[in-house]
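To start, the structure under review is shown below, and the notes come after it.
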DNA sequence: AACTACTCCTGGAGGC
DNA sequence: TGCCTCCAGGAGTAGT
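In my numbering, the protein residues as written are 23 to 309.
Structural data, given as C-alpha cells:
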C-alpha cells in the first residue's frame with residue numbers, strides 16, 4: 023500500500039529528523055529483508071552520517087557519508103516509525119501495526135539507532151519490503167531508470183507526456199497501464215482508482231477510446247489526487263477498507279457507499295487481478 | 001503487445 | 001469459541 027504519496031511524505035518527514043545524524047547501531051531482525059549488499063554489510067553503516075534522503079518511484083534512497091546508500095522499498099505493507107528522544111513519533115507507510123503501538127513488533131525487521139537517541143523501526147506485516155546497501159553510484163542497478171517511467175511530480179510530467187506514453191499502447195486498458203511503473207512511476211492500486219474516479223474514466227477503457235480531453239482530465243486528476251494526499255494527508259485504508267474522516271480515499275475501499283459526486287453506490291470489480299472501485303455512473307464503460 | 005497466473009508473506013475478516 | 005478459506009497487494013517472472 024505505500025505508494026508515491028506515502029513514500030514521499032515519509033521522505034519529507036524523515037529528512038527533517040535524520041539528516042546530519044550519525045548511525046550508531048544496526049539490528050537486522052529478519053535477514054531476508056536484505057536483498058543485496060554488493061559485498062558490504064549493514065555494519066558498514068555504523069558511525070556514518072545520513073546525508074540525504076531521495077525518492078524515486080516507491081523507493082527511498084538514504085545516502086550516507088561513506089559513499090554507500092541504503093535503498094528501501096516498503097513493498098505491500100512496510101512501515102517506518104522513528105521514535106525521537108522528545109517522545110515524538112514520525113511514522114509512515116502501512117498503518118498496521120497502528121502507529122504509536124509499542125515497538126519493536128514481532129514483525130519488526132530492522133532497527134537503526136541514531137546518535138541523538140532516535141530509534142528507527144522498519145516493521146512489515148507481510149514481509150514483502152526489501153532493502154539494499156550499495157555504493158551510491160550504483161543505486162541505478164537497484165532502481166533502474168530503464169524500468170521506471172516519468173515521475174508524476176516532476177516538471178517533465180505534462181499532459182503531452184502522459185498522452186505520448188499512453189498512446190504507445192492503443193489496445194491497453196487504463197488501469198493496468200497506470201499501474202505499470204515503467205510508464206508512470208509511483209502510482210499503485212489506490213491512487214489509480216482515485217485518479218480514474220477523478221477523471222470520470224472507467225478502468226477498462228482502452229487508450230484508443232480516449233480523446234485528448236479524456237487524457238487531459240486524467241492528467242489533471244492524477245495531479246489533483248497526489249496534491250490532495252501530499253497536502254492534506256495520505257489515503258487511509260486498512261485491509262482494503264476506507265477509514266472515514268479523511269479527504270482520501272474518495273472511492274477506493276468504499277464499495278456500497280454513495281459516490282461523493284452523484285450518490286450512486288460505489289461498486290467493486292477486479293481488473294488485472296486487483297480489487298478496483300468505481301462509480302458506474304461517473305465512470306461509464308464506453309468504447 | 002496484452003493478458004493471466006503464480007511467487008514472495010502474514011494477519012484480519014467472514015463463513016460455518 | 002475455532003477452524004478454514006479468502007483477501008489484501010508491489011513487483012518480478014513465466015506462460016499463452
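Ideal placement from N, C-alpha and C gives every residue a C-beta, glycine not left out.
For clarity, every value in this text was computed on a predicted model and none was experimentally measured.
Bridge-paired residues (DSSP) for residue i
i	result
residue 242	Residue 242 pairs with nothing; no bridge assigned.
residue 146	100
residue 219	None; residue 219 has no bridge partner.
residue 93	83 and 154
residue 299	290
residue 75	84
residue 48	134
residue 115	101
residue 106	In the DSSP output, where bridge partners are listed per residue, residue 106 has none listed.
residue 195	228
Exposure label - residue i; buried when at least 16 CB within 10 Å
i	result
residue 281	buried
residue 263	exposed
residue 38	exposed
residue 235	exposed
residue 271	buried
residue 308	exposed
residue 63	exposed
residue 305	buried
residue 176	exposed
residue 279	exposed
residue 284	exposed
residue 243	buried
residue 265	exposed
residue 286	exposed
residue 233	exposed
residue 31	buried
residue 254	exposed
residue 298	buried
Where residue i falls: helix, strand or coil (DSSP)
i	result
residue 59	coil
residue 40	helix
residue 324	As shown, the chain starts at 23 and ends at 309. That puts residue 324 outside it, with no answer to give.
residue 29	helix
residue 204	coil
residue 190	coil
residue 185	helix
residue 168	helix
residue 162	helix
residue 129	coil
residue 53	helix
residue 214	helix
residue 64	helix
Closer than 8 Å: residue i CB and nearest the ligand NAD heavy atom
i	result
residue 52	No copy of the ligand NAD appears in this structure; indeed no ligand is present at all.
Counting Cβ pairs closer than 8 Å, one from the region 179-188 and one from the region 128-144, do we hit at least three? no
Practice item. Entirely within the region 227-296 and at least 3 residues each: give me those beta strand (DSSP E) ranges in chain order. Key: 289-293
### contact_flag[the region 83-95, the region 136-154] where n(CB pairs < 8 Å) is 3 or more
yes
Would you call the region 191-198 and the region 155-170 in contact, with 3 or more CB pairs under 8 Å? Under the three-pair Cβ rule at 8 Å, the region 191-198 does not count as touching the region 155-170.
_Counting beta carbon pairs with one atom in the region 108-116 and one in the region 74-82, are three or more of them shorter than 8 Å?_
no
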